[in-house]
Amino acid sequence: MRYAIYFAADADAPLMQLGNTWLGRDPFTGSLLQQPSIPGLDAARFEDLTTSPRRYGFHGTLKAPFSLAKDATEEALIAACARFAETVAPFELQELGVNQLGKFLALTPAQPEPDLEAFASLCVRQFEPFRAPLSAEDLDRRRQANLTPKQDGYVETWGYPYVFDEFRFHMTLSNKLESKEEAALLARSAETHFEAVTNSAFTCRHFGLYVEPERGAPFDVHRIFELTGPQNPITALENTLANSNEEVS
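Numbered by the numbering used here, the letters in the sequence shown go through residues -16 to 232 in order.
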């Protein structure tokens, strides 16, 4: 069993509903959903091009999937999530847009989002005590991605290469797309599909604890937590770093 801390919202939030429909699965219920029609692309092919993000569930990674440390329990992790939610205030995102991220299609911020970046850094640090060290197999798998020395160091220390200054927020919408034609088709359709929640500011009020019951199984929403705290993410991160004598990455 693995857990992950993901950017998510309530089941009835438009962003989640649109994302779930696009990927063809509802991680709140585990049920499959009918994906939208893509002009010029048959339904079976669209399903094939979204297999990986469908398994993980619609989300943005904050703390990458991890197995529990030997002395950690699910109950303690849930309690830690609840306490964390009570310390951080909701924050604004200026806008998300449909963009190409390498060969993947994703929803990404249109501009730097310091609060979001600080929030992700907080999640990496806050939940690190619950993470078991990577197995040799998982470490080798991470290292197959042509990591830089800094990213390799992050994998060694934090279990994931794309944290802190290497973090780039994204909500994945496709597998790796090798065809430029298919990528263009998906991008145009995604822009239409998500137009109700893109290109405008919105308030981030939640994060999710997702669970993978066994390796290779779909990730499902275990619980959604609402941010109700007094500190914006930047202030909360500064206080966390001051208490741990770290410097901001």
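From the three backbone atoms N, C-alpha and C, an ideal C-beta is built for every residue, glycine too.
- Around the beta carbon of residue 15, fewer than 16 other beta carbons lie within 10 angstroms, which makes this residue exposed.
- In this structure, the alpha-carbon of residue 194 lies about 12 angstroms from that of residue 60.
- Just measuring C-alpha positions, the residue of -1, 146, 1 and 66 sitting nearest residue 130 is 146.
- Residue 164 has its alpha-carbon roughly 33 angstroms from the corresponding atom of residue 204.
- Counting along the chain, residue 132 sits inside the alpha helix (DSSP H) bounded by residues 132 to 141.
- Distance from residue 19 to residue 156 at the Cβ level is roughly 12 angstroms; contact not present, criterion being Cβ atoms closer than 8 angstroms.
- DSSP, reduced to helix, strand and coil, places residue 0 within a helical segment of the structure shown.
- A distance of 8 angstroms or more separates the beta carbons of residue 49 and residue 103.
- DSSP places residue 206 in the strand class (E or B) of the three-state scheme.
- In chain order, 202 place their CB closer than 6 angstroms to the CB of residue 39, counting only its own chain and leaving out the 5 sequence neighbours on each side.
- Here residue 123 is exposed: its Cβ has fewer than 16 other Cβ atoms, across all protein chains shown, within 10 Å.
- Contact between the segment 88 to 96 and the segment 163 to 182 is established, with three or more Cβ pairs separated by less than 8 angstroms.
- Ranking 12, 6, 85 and 109 by CA distance to the CA of residue 33 puts 6 first.
- Of all C-beta pairs linking the segment 204 to 224 to the segment 66 to 82, three or more are shorter than 8 angstroms, placing the two stretches in contact.
- If the five residues before and after residue 65 are omitted, its C-beta is found closer than 7 angstroms to the C-beta atoms of 208, all from its own chain and listed in chain order.
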